[in-house]
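These notes concern the structure reproduced below.
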Amino acid sequence: MSNARSLHHPRDAWEIWREAIGHLYLAENRTCGYIKAFLISNHFPCSERQIKNRLRDWKLERKKTPSQHYLAMMSVANNERNAGYEIVFKVPKRWGTEHFNLKKIKKECDRVKKRFGRAHDDFSLPSLENARLVLRNAGITPFLGRPAPYPDISGAPGDYKRYSLGNPFATYTGWIVPSDDSVQVSGGDFERRSVCIFLENPPTCHSSPTAVQTSAIQVDNLCTIASCDDLASSLPMSVVVKNPPSPQWPLCEDNGMNWEPCILDDQPRSLAYPEPTTVLHDTLPTVALCPDRTSFVIALLDTRSGFTSLQCYDFKEEPMTNFEISRNQDIIMKEGNYNSLHANQYSKPVESGLFRRGIDIGPMDISHSSQDPKDFVNDITQDDDESRVVYGLLDGVGEWLLPTLIWMQVILASDGREKDLKQFLSNTCNTLEQAHYLENKDAFAVPFRYVWADLIRHSNGRIYWGQKLPFAQTQIINIQGFYHPNTFIIEHYTAWCDMYCGRLRKGVTTLKASLAVCEAYLGLDSIVTITRWVLISRGLEKQDNLDEALVYITKATKQLNGSRSDLAKYRFMILHRRGVIELQTNRLEEAEQHLLAALLGRFEVCGLEDNATWSSVSQYTHALVLTGRVDTATEVSDYFTRRLNWERNLEWTIGHQEDLDIPDPPSWMSAEFHSKAAKLASTKLASTKLASTKLALGYCVIDGP
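Residue numbers are given in the UniProt record's numbering: position 223 of the sequence shown equals residue 223, and the series is strictly consecutive.
Quick look at the structure:
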């Protein structure tokens, strides 16, 4: 029974809190006690027993995986491991799925084995056939876990250590299943197997700088590599990881590496374990060369084990939470492409409507200026600037208020001006509280407060204001109708909130419902329309509906051409996503074309310090490997890694008056890319020399009389 002090709420009252409770319990892994405190703080008193009853009624109790499922996964994992693969299981849990690696599975199986031992019962794993049947009925699917990517290569030589003889390169221990499935495992310790690879030849340190050659490629079949001399001869030589673990390296049981496989963005992972020794200053890091190429490949692809302090540098692409409008919208204030369906209302550009109130905004007026919008936002330096804009928007019905929110969010967030964005949101919320003449002002304030909660990563605030978005959307529709920019934009926030909470189908349905209206009233080339296509595509991709997702992402890439430089990063992100989907649907030729375009564009616009560039490198080399061009993939990977080394070591080489040759791009790349690469290198070299000169002059002034 429920606590006598707790109130009995009707089921309709519980339904209001259903999504919030499900999000806290499943998505955030909160306890019933935490949920009880959350509900009480929101004036909904209840007991933990009532919450558990509701979870059972709603069938949300999916936190625990039955022990027979763990045993079945272990049986299948042992079979695949004996074939040379590392396997990961996709287990239905919470609102979506969770990935179980061998470490997690073995831990639970050990507990089951102990229970059998206490009961003096014989213990055995199920046969492979029965295990596969159990997993199939439970909806658990295995897939091959792939290693991932590029080590962090710093320009500070003092951060590096030397390799030495006898360091274990990788260790692994696990369960060994008898070859005969009918044989039972005794109650004693399970047999263990360890696989170690040692670096036989320690390198020597050079007094002159040596370029660090670090690269990785992604290959599907480890056994094929180990048996193919031609393939092994084309593999990269070395990898580097800084911040090594403790000098005492015990052989451990899969307890070191905690990595999450990425299904949509399969990426290689390169690893090396340097041993701490005396730090050698004034020299570039030396690199260990593996004399046995096959051993190197095995170590490179082996993610079954590691050490607790090992750091893997994983560049991932657009995680699930990246549905936020600030990353997917762009400068809506430049949009003036409304068609004639509603010419009386949308005949002017958005920025003209924004500033038509006659407010003296001085340099902020860009309605008739060719000034770059980012330069325009840089002029907003005073708090009252934002307030004047908001007051102007509220002078009437505030018909351009939400476009302004997206506009400011995109500009400030893309420039990394989080402080300015927080100031703008704060000023806007304060202004809305004072706008008593505005009808339903609270409805307009909800998106601002939701963005604020998301910006400061306040989970409870995100849930609270996310629940109010649908009601605010209804109020705005009642005020301004379906065919208005405010309506289209709050739909984006509502759909994003649904996708963030795991309600992918609902979010996609919301966007599709008004897609035709948005296309008709704003135009096919509107940024709002394009971003809606991209969001729909992303949601469909997460639901494994790849063919339909490809249709929408193709629409976006066709409409968003290269005429607007301010949309370059967003355009390359769309190209990358299109290439990834084409890669998953075996459209290898188209995937290679779009991934190469995204890679070269990101290299020019974002630079090699940006994670997005390395994500494109990984996916492009993956496409090359799938088409059988391992040598080409290695060449691409080596070039961009050597180029990153050159950029990061440039300051050191200039300070020590050393020469370091600029890496040459692969010969098969276009002449245009060769020209751009040389130009970027010259610019980087000049800026680094200028910075070094200023630094040297500054030291002279400090040390002078």
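Glycine included, C-beta positions come from ideal geometry on N, C-alpha and C. As the structure is a prediction and not an experimental result, all values here were calculated from the model.
Cβ-Cβ separation, residue j to residue i (assumed contact under 8 Å), whole Å
| i | j | result |
| --- | --- | --- |
| R643 | L600 | With a Cβ gap of about 13 Å, R643 and L600 do not count as contacting. |
| Q559 | L524 | 6 Å |
| L26 | Y34 | In fact, because the Cβ distance is near 13 Å, the residues do not count as touching under 8 Å. |
| A549 | I581 | 6 Å |
| N76 | L128 | The residue you asked about is not Asn; residue 76 is Val in the sequence shown. So it is a contact: roughly 7 Å between Cβ atoms. |
| E635 | K684 | Their Cβ separation, rounded to whole angstroms, is 22 Å, which puts E635 and K684 out of contact at 8 Å. |
Identified DSSP bridge partners for residue i
| i | result |
| --- | --- |
| V88 | F143 |
Residue i and residue j closer than 8 Å at C-beta
| i | j | result |
| --- | --- | --- |
| H594 | R571 | no |
| V91 | N101 | no |
| L511 | K542 | no |
| G539 | M499 | yes |
| Q473 | I490 | yes |
| A568 | V605 | yes |
| E592 | A612 | no |
| T627 | L596 | no |
| residue 708 | I51 | Nothing about residue 708 can be read from this structure; the chain reaches only from 1 to 705. |
| F673 | P663 | no |
| F482 | L522 | no |
| L401 | N478 | no |
| M73 | I140 | yes |
| T531 | E519 | no |
| L425 | V446 | no |
| residue 708 | V508 | No information on residue 708 is available, as it lies outside the stretch 1 to 705 that the chain covers here. |
| V617 | F640 | yes |
| E28 | S459 | yes |
| D631 | T585 | no |
| A598 | L575 | yes |
| F444 | L455 | no |
Residue i in three-state terms, based on DSSP
| i | result |
| --- | --- |
| T97 | strand |
| H8 | coil |
| G33 | helix |
| L469 | helix |
| W668 | coil |
| T474 | helix |
| N78 | helix |
| R648 | helix |
| D544 | coil |
| N440 | coil |
| C429 | helix |
| F44 | coil |
| C518 | helix |
| L524 | coil |
| I51 | helix |
| D385 | Residue confidence is low: D385 scores 47 on pLDDT, short of 50, so the model does not pin down where it sits. No coordinate-derived value is stated. |
| T65 | coil |
| T627 | coil |
| W14 | helix |
| P485 | helix |
| residue 722 | An answer regarding residue 722 cannot be provided, because it is not within the stretch 1 to 705 covered by the chain. |
| R577 | helix |
| L60 | coil |
| A20 | helix |
| D638 | helix |
| E589 | helix |
| P663 | coil |
| D314 | For D314, the predicted model reports a pLDDT of 26, less than 50, meaning its position is unreliable; a value from the coordinates is still stated below. It is coil, neither helix nor strand. |
Any non-hydrogen atom of the ligand SAM closer than 7 Å to residue i Cβ
| i | result |
| --- | --- |
| K59 | As for the ligand SAM, it is missing from this structure, which has no ligand bound. |
Minimum Cβ-Cβ distance from residue i to chain B less than 8 Å
| i | result |
| --- | --- |
| E672 | Given the protein chain composition of this structure (a single chain), no chain B is represented. |
Counting beta carbon pairs with one atom in the stretch 45-57 and one in the stretch 111-129, are three or more of them shorter than 8 Å? Taking 8 Å as the limit for Cβ pairs, the verdict is that the stretch 45-57 does not touch the stretch 111-129.
Does the structure place the stretch 66-76 close enough to the stretch 39-56 that three or more beta carbon pairs sit under 8 Å?
Counting C-beta pairs with one atom in each stretch, the stretch 39-56 and the stretch 66-76 have fewer than three that are closer than 8 Å, which means they do not touch.
query: Between the stretch 439-457 and the stretch 416-425, do three or more beta carbon pairs fall short of 8 Å?
result: Between the stretch 439-457 and the stretch 416-425, the count of C-beta pairs closer than 8 Å reaches three or more; the two stretches touch.
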